[in-house]
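S.K.:
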Amino acid sequence: MTQALERRPPVASLVGEQIPVRCVLMRGGTSKAVFLRASDLPADPVLRDRLILALFGSPDPRQIDGLGGADILTSKVAIIGPPARPDADVTYTFGQVSITEPVIDYDINCGNISAAVGVYAIEEGFVRPVEPLTSVRVYNTNTDKVYTALVPVRGHRPAVEGDCAIDGVPGSGAEILLDFATAAGATTGRLLPTGQVRDALEVAGVGRLEVTIVDVANLCVFFPAAAVGMRGTEGPGDFTAGMLQAMVAVKEAAAERLGLSRDGLVPLPVAVAPPAAFTTFQGAPIDAGAADLLVRLAGGRPPMLHKAFPGTAAACAAVAAVLPGSVPGALARVREGGRVALGHPSGLMRVAAELHHDPDGGWRVVRATYARTARRLMEGYAFVRRDRL
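In our numbering, the protein residues as written are -4 to 384.
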């Protein structure tokens, strides 16, 4: 097999009606993304996005003529470059590639893919590997914040094998720790964008609704699942068009309150419910004592129920859960050390959060950490048809 690959002609000789683009396909947590070097892409943002859409085969519900996986968890791009500021080792831009529209959204970060960035940075030579743990400081341009990824290293390479298991990912892998404590105010510049722990929103089709809006890692709006006709235990098969419409309406009302575009992806709408038994959409039972807070999120373009839970939203949810007086805090069971197990459609996600109450009356995030696994799946060249550009 190796000899056959070595006999292949150079990629340059394959150029004709198609343009070769070097890429790496990586899994990070419960997501997959195509990783691209910023230097391999056009400097013009319009041309860059046109190339990425062609690479993914978007717009098309199946993305059959590209690398997209026809799901919001697998239609993601990570653009990587050298550090753009002195307190970072690498620069990372996340893009959510729409499946049905010629649009790439850059207004959020992905906490699952964030883990893969740490691995990629070491493998691609941005960061020198140090055993047993290598700290990778990642500047995320979407949020204008730096987060830290602690990547296990063996034999001068990121470790793959380990006993860290993630619901929604088969098997186990080496544990990568992510800390988003320094990513407070990622979108709005404030942990509590309105200055309040609770806000009342007038939501179309729902009515007056009490919510908590928190901005850590990603801007989220939390509201009781029951207020929009949900139990908080729903999987993709139970999620109705009415539920989706209500969640989108909450997002739009919160965006309007914050002066943001109603058409953007943030704030991410998160329905929360107290601990209860539920069954994952793969059929695994989760008992009521395992989950400390039930969370369901609708996102993407077009919006749909997330089949797992975004890592950045998990960090934000844990901070909201330990925030006195918040909507999630009134429903959550918080364990010692600020640990909260979030129950999502694929199972559980464990996060630890800690807040400090400053003398001026404000809150400061001390810790917002969770564990993921990640690995390189494929590297090589993808091909884009010239006529698509």
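Glycine included, C-beta positions come from ideal geometry on N, C-alpha and C. What you are looking at is a predicted structure, and each value in this text was computed from that prediction instead of being measured.
On the DSSP bridge assignment, give the partners of residue 153 in chain order.
M.R.: Walking along the sequence shown from the start, residue 153 turns up at place 158. Beta-bridge pairing links residue 153 to 148.
S.K.: Please return the same chain residues whose Cβ sits closer than 6 Å to the Cβ of residue 276, not counting the five positions on each side in sequence.
M.R.: Here residue 276 refers to the residue found at position 281 when the sequence shown is read from its first residue. 230, 231 and 340, listed in sequence order.
S.K.: Do you know how far the Cα of residue 72 is from the Cα of residue 1?
M.R.: Translated into positions along the sequence shown, residue 1 becomes position 6. Translated into positions along the sequence shown, residue 72 becomes position 77. Its pLDDT being 44, under 50, residue 1 is placed unreliably by the model, and the measurement read from it follows with that caveat. Spanning the two alpha carbons is a distance of roughly 29 Å.
S.K.: Am I right that residue 329 and residue 287 are in contact with their C-beta atoms under 8 Å? What's the rounded C-beta distance?
M.R.: As a working note, residue 329 is residue 334 in the sequence shown. As a working note, residue 287 is residue 292 in the sequence shown. Right, the Cβ-Cβ distance comes to about 7 Å (below 8 Å), so this counts as a contact.
S.K.: From what residue to what residue does the alpha helix (DSSP H) around residue 186 run?
M.R.: Walking along the sequence shown from the start, residue 186 turns up at place 191. Segment: none, residue 186 is in no alpha helix (DSSP H) and carries neither H nor E.
S.K.: Assuming contact is defined by CB atoms lying nearer than 8 Å, are residue 83 and residue 28 in contact in what I supplied?
M.R.: Position 88 of the sequence shown, counted from the start, is the residue given in the question as residue 83. Position 33 of the sequence shown, counted from the start, is the residue given in the question as residue 28. Cβ atoms of residue 83 and residue 28: not closer than 8 Å.
S.K.: Given that a residue counts as buried once 16 or more other Cβ atoms are within 10 Å of its Cβ, and exposed if not, what is residue 47?
M.R.: As a position in the sequence shown, residue 47 is number 52, starting the count at 1. A residue is called buried once 16 or more other Cβ atoms fall within 10 Å of its Cβ, and residue 47 is buried on that count.
S.K.: Are the beta-carbon atoms of residue 181 and residue 213 separated by less than 8 Å?
M.R.: Position 186 of the sequence shown, counting from 1, holds the residue named residue 181. Position 218 of the sequence shown, counting from 1, holds the residue named residue 213. Yes, these two residues count as a Cβ contact at 8 Å.
S.K.: What are the residues that DSSP puts in a beta bridge with residue 129?
M.R.: Within the sequence shown, the letter at position 134 stands for residue 129. DSSP, once it has assigned bridges, lists 146 as partnering residue 129.
S.K.: I'd like the list of long-range same chain contacts for residue 163, defined as Cβ closer than 7 Å, with 5 residues on each side in sequence excluded.
M.R.: Start at 1 with the first residue of the sequence shown, and residue 163 comes out as number 168. Excluding positions up to five away in sequence, the list reads 25, 303, 341 and 342.
S.K.: Which residues bound the beta strand (DSSP E) around residue 175?
M.R.: Numbered from 1 along the sequence shown, position 180 holds the residue referred to as residue 175. Careful: residue 175 lies outside any beta strand (DSSP E) and carries neither H nor E.
S.K.: Ordered along the chain, which non-local residues of its own chain (more than five positions away) have a Cβ less than 6 Å from that of residue 284?
M.R.: Reading the sequence shown from its first residue, position 289 is the one you call residue 284. Excluding sequence neighbours, residue 284 sits near nothing in its chain.
S.K.: Report back the beta-carbon spacing between residue 138 and residue 174 to the nearest angstrom; my notes put them in contact at under 8 Å.
M.R.: Here residue 138 refers to the residue found at position 143 when the sequence shown is read from its first residue. Here residue 174 refers to the residue found at position 179 when the sequence shown is read from its first residue. With a Cβ gap of about 14 Å, residue 138 and residue 174 do not count as contacting.
S.K.: Of the choices 40, 90 and 60, whose alpha-carbon is the least far from that of residue 49?
M.R.: If you number the sequence shown from 1, residue 49 lands on position 54. Distances from the alpha-carbon of residue 49 to those of 40, 90 and 60 put 60 closest.
S.K.: Is there contact between the segment 191 to 209 and the segment 85 to 100, where contact requires at least three CB pairs shorter than 8 Å?
M.R.: no
S.K.: Measuring straight from C-alpha to C-alpha, what distance separates residue 351 and residue 62?
M.R.: If you number the sequence shown from 1, residue 351 lands on position 356. If you number the sequence shown from 1, residue 62 lands on position 67. The straight-line gap from Cα to Cα measures roughly 44 Å.
S.K.: Checking 8 Å against the spacing of the C-beta atoms, do residue 141 and residue 134 come in under that value?
M.R.: On the sequence shown, position 146 is the one that residue 141 refers to. On the sequence shown, position 139 is the one that residue 134 refers to. Taking 8 Å as the Cβ cut-off, residue 141 and residue 134 qualify as a contacting pair.
S.K.: DSSP puts residue 260 in a beta bridge; with which residues?
M.R.: Indexing the sequence shown from 1 puts residue 260 at position 265. Looking at the DSSP assignment, residue 260 forms no beta bridge with any residue, so it has no partner.
S.K.: Within its chain, find whatever has a CB closer than 8 Å to the CB of residue 56; leave out the 5 residues flanking it on each side and keep chain order.
M.R.: Your numbering for residue 56 matches position 61 in the sequence shown. For residue 56, where only same-chain residues beyond five positions count, the Cβ hits under 8 Å are 65, 94 and 95.
S.K.: Is the distance from the Cβ of residue 192 to the Cβ of residue 206 below 8 Å?
M.R.: Locating residue 192 in the sequence shown gives position 197, where the first residue counts as 1. Locating residue 206 in the sequence shown gives position 211, where the first residue counts as 1. No, these two residues do not count as a Cβ contact at 8 Å.
S.K.: Assuming contact is defined by CB atoms lying nearer than 8 Å, are residue 310 and residue 265 in contact in what I supplied?
M.R.: Along the sequence shown, read from residue 1 onward, the residue named residue 310 stands at position 315. Along the sequence shown, read from residue 1 onward, the residue named residue 265 stands at position 270. Not closer than 8 Å, so no.
S.K.: Using only CA atoms, which one of 178, 243 and 171 lies nearest to residue 108?
M.R.: Within the sequence shown, the letter at position 113 stands for residue 108. If we check each option's Cα against that of residue 108, 171 comes out closest.
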